[in-house]
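This report concerns only the one structure given below.
Numbering (the numbering used here), first residue to last: 449 to 1010.
Quick look at the structure:
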């Protein structure tokens, strides 16, 4: 490792919150210019890990070491899922704050240059100027204004009024501004938490180019499978690896506990993990069959080889001789079978644990709702328009349709779903809904106001009809681990809160299910399961998304908003 290259080293860090243990004894390293993807189930500690690496949270044990290429006040930069901006700041103020240290480095050069003009033969003055100049060049201070404009344009913020306060911006605009602010601050180690949320294709391509050329390590937490495949070279999986063998087994690749480090793309890792589980299941099945055979052999030989057993006849000595020899053979076989059985039972392969699997749409199918006539229109929009948010749009949705709505940021995807849901009236045009048709929507962001101290199960019980609480308990959907159902909502991760919102929506499944960016904040495993189950939903499903993987694999109808 070159002393001039920035890298990150993590040794044995652990973190526990009052209600739960997040992770234990994590060790890994991210070399210079490596791009690592961090994955794991919602609540596995991905965001917490980034906060510990950034120094925003203190670990309970272990160390984090950042080795930088040069002296800098911003060695690590973190993009938060929810930007922590002051709502009263303007866009220019946010951008200037992000490059303040770069402006200072530029000013230091001018100050040192002035001192050099008056004392060219003073070695201390020369050294100070040389150091200031080197630092300014390493930080790239000479093109701050040009990089600011390029970054703003690349992230699709060029049309945003620069005098707007942060509070006046949309959620997507705030997220993109947070990304711009982070990139302009030029940290050596870049930590990105769900960076493609709220980005359209052009902005994602721009971000991918920036990451590919970044001057230090980059760690990315993302649900965006296409983005991970394009950008990362290694994977860190925070889900503890299950242990196929009983305690006391010899250590090998299948018995490792804790996080998993893998070199390759996300698709490579997903396939490798799938193959490993298939091997585990096959090995378990083979061993169970072998154990069954050995137990049967021991039982059978115990009868045949019993010490009271006598051959049928001992009339002649030869018969006794052969009978004794046979008894010795049987005894040896019994002992061998017992020894082998004891060996296998001592380090027996455990049954592969059943993973937490999404059952939401399957559970919905089991409710008392039946899809209507597949040819019957249940929702129709005629030239609906919302000024400054949605251009004139027409679409007819039947009772079993599966529709994907795509378009660039600002094209009106979320707005159209709000019109369908009835929470927003169109400025022009009309919306027709069949009599009695129920419509439910999962919004982009899940908020549970004034229930921070309530447990997830209590919030669920309050949100659904009383008769459904027992008939369709929260555990029905496989969205939250049983231990998380009894944790206060405020302690759940953003992804876990979104899972809770999805469970509440599906407890009484609507005939028209509206999903706004359903892959945002959800784990990659759940996203895959959710997508696979959509086609089986007993009603209509309308999805607004920027997710390229979902769009590329979509088999239903599509509506593109220009």
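Just so it is clear, CB atoms sit at the ideal spot from N, CA and C, and this is done for glycine as well.
- The criterion of a C-beta distance shorter than 8 Å is satisfied by residue 538 and residue 611.
- The criterion of a C-beta distance shorter than 8 Å is satisfied by residue 681 and residue 483.
- Bridge partners of residue 525 according to DSSP: 638.
- Non-local beta-carbon contacts of residue 666 in its own chain, meaning distances under 6 Å to residues more than five positions away in sequence, involve 483, 638 and 659 in chain order.
- Annotated as proximal: residue 937 and residue 902, with beta-carbon spacing under 8 Å.
- Just so you know, the alpha carbons of residue 831 and residue 1008 end up roughly 15 Å apart.
- A check of alpha carbon separations from residue 837 across 911, 846 and 876 identifies 876 as the nearest.
- Taking C-beta separations shorter than 7 Å and ignoring five residues to either side along the sequence, the partners of residue 502 in its chain run 524, 526 and 639, following chain order.
- When the beta-carbon positions are compared, residue 928 and residue 944 come within less than 8 Å of each other.
- Cα atoms of residue 477 and residue 470: separation of roughly 20 Å, rounded to the nearest angstrom.
- Contact annotation, residue 542 with residue 614: C-beta distance approximately 7 Å; criterion of less than 8 Å satisfied.
- The distance from the Cβ of residue 707 to that of residue 684 is about 6 Å, consistent with a contact at the 8 Å cut-off.
- Excluding its 5 nearest sequence neighbours in each direction, residue 894 has C-beta neighbours in its own chain below 6 Å: 945, 946 and 949, listed in chain order.
- Rounded to the nearest angstrom, the Cβ distance from residue 463 to residue 507 is 5 Å, consistent with a contact under 8 Å.
- For residue 833, the pairing in a beta bridge is given by DSSP as 876.
- Here the C-alpha atom of residue 608 lies approximately 29 Å from the C-alpha atom of residue 495.
- With a contact defined as Cβ atoms closer than 8 Å, residue 845 and residue 988 qualify at about 5 Å.
- Secondary structure of residue 891 (DSSP, three-state): coil.
- Residue 486 and residue 972 have their alpha carbons spaced roughly 11 Å apart.
- Comparing alpha carbon positions, the residue from 984, 934, 953 and 678 closest to residue 869 is 953.
- Assigned with DSSP and collapsed to three states, residue 1000 falls in helix.
- For residue 540, the three-state secondary structure derived from DSSP is helix.
- CA-to-CA, the gap between residue 595 and residue 662 works out to about 14 Å.
- In the DSSP assignment, residue 509 falls within the unbroken beta strand (DSSP E) covering 509-515.
- About 13 Å separates the beta carbons of residue 455 and residue 635, which is beyond the 8 Å limit, so they are not a contact pair.
- Check the Cα spacing between residue 633 and each of 984, 553 and 581: the tightest is with 553.
- The closest CA to that of residue 562, considering only 549, 551, 576 and 550, is found on 576.
- Here the alpha carbon of residue 716 sits roughly 11 Å from the alpha carbon of residue 676.
- Burial is judged here by how many other beta carbons sit within 10 angstroms of a residue's own beta carbon; residue 585 has fewer than 16 and is exposed.
- Among the bridge pairs identified by DSSP, residue 484 is matched with 667 and 682.
- In terms of Cα proximity to residue 467, the closest of 871, 491 and 474 is 491.
- Judged by DSSP in its simplified three-state form, residue 558 adopts helix.
- Bounds of the beta strand (DSSP E) holding residue 1006 are 1005-1009.
- With contacts defined as CB atoms closer than 8 Å, residue 732 and residue 673 fail to qualify as a contacting pair.
- Between residue 892 and residue 619, the beta carbon gap of about 7 Å places them in contact (Cβ cut-off 8 Å).
- Contact check for residue 871 against residue 959 fails: the beta carbons are separated by 8 Å or more.
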